Amino acid sequence: MPTIPWNTQLTAVREFGARHGLTREAAIIGPTGEVEDSARRACILNLRKNPDIAAAMAAEMLRRDAGYLKANLERNATDTDLYAAHFLGARKAAKLAALAQAKPGAPAARLFPRAARANRSIFYQKKGRKLKSRTVQGVYNRLALPYAPEVDQVARKARDIFGDLKPAPSSG
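The following block contains the structure:
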């Protein structure tokens, strides 16, 4: 299972924890992911080491992101779209996928500057001694390659839990 970053873990437990027996943990996480008691925060973060909980949180996020991507791309999300959502967030992943279709040769680093600064190996490629910005299609393809097994593993777990990747029913 891919490791979930600490801020994503807190958000996932806050949003989805109650569905998976983590009602108390979900209740103490504030809207921006803060937990006042550092010991409780550490306990919540340690839940990432529990493979069942980690898989459930990843599956919930995958289902949420699949729904967002389907609505915004007007097609089912591919595994690459889903990994891009994990990597960039669902909104930026939808933008990346749309641009890969509409403007595949556009320079990705210019369109996603913060992500490019934080993930140089994804957004840039070496040309001799220089770094050259990958195109939008190049970044999309780069996200498809090394992470496909992890995405597939999470997608299988999501399908085990939910049966499919349809968005969760609205609670309101």
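First residue of the sequence shown? That's 876 in my numbering, and the numbers climb one at a time after it.
The beta carbon of each residue, even a glycine, is placed where N, CA and C say it ideally should be.
It should be emphasised that the depicted structure is a prediction, and the values quoted were computed from it without experimental measurement.
Residue i and residue j look like a contact to me (Cβ under 8 Å); what is the Cβ gap, rounded to whole Å?
{"i": "Tyr943", "j": "Ala977", "result": "No, Tyr943 and Ala977 are not in contact; Cβ-Cβ is about 19 Å, not under 8 Å."}
{"i": "Ala983", "j": "Arg1004", "result": "Not a contact, Cβ separation roughly 21 Å."}
{"i": "Leu920", "j": "Ala959", "result": "Rounded, the Cβ-Cβ distance is 25 Å, inconsistent with contact."}
Using the DSSP secondary-structure output, state which residues sit across from residue i in a beta bridge.
{"i": "Lys1005", "result": "Lys1002"}
{"i": "Thr1010", "result": "Pro982"}
Can the beta-carbon of residue i be found closer than 8 Å to that of residue j?
{"i": "Ile928", "j": "Arg915", "result": "no"}
{"i": "Met936", "j": "Val888", "result": "no"}
{"i": "Val1011", "j": "Ala969", "result": "no"}
{"i": "Thr898", "j": "Gly892", "result": "yes"}
{"i": "Ala941", "j": "Leu963", "result": "no"}
{"i": "Phe998", "j": "Lys967", "result": "no"}
{"i": "Lys945", "j": "Ala952", "result": "yes"}
{"i": "Asn947", "j": "Gly908", "result": "no"}
Using CA coordinates, which residue listed in the options is at the minimum distance from residue i?
{"i": "Asp954", "options": "Ala946, Asn947, Ala972", "result": "Ala972"}
{"i": "Val1014", "options": "Glu935, Ala952, Asn994", "result": "Asn994"}
{"i": "Gln884", "options": "Lys924, Glu911, Asp912", "result": "Lys924"}
{"i": "Gly896", "options": "Leu974, Arg938, Leu922", "result": "Leu922"}
Let's see if you can read the secondary structure: which residues bound the alpha helix (DSSP H) around residue i?
{"i": "Glu900", "result": "898-902"}
{"i": "Val888", "result": "881-891"}
{"i": "Thr955", "result": "954-963"}
{"i": "Pro988", "result": "988-993"}
{"i": "Arg915", "result": "913-921"}
{"i": "Asn947", "result": "926-948"}
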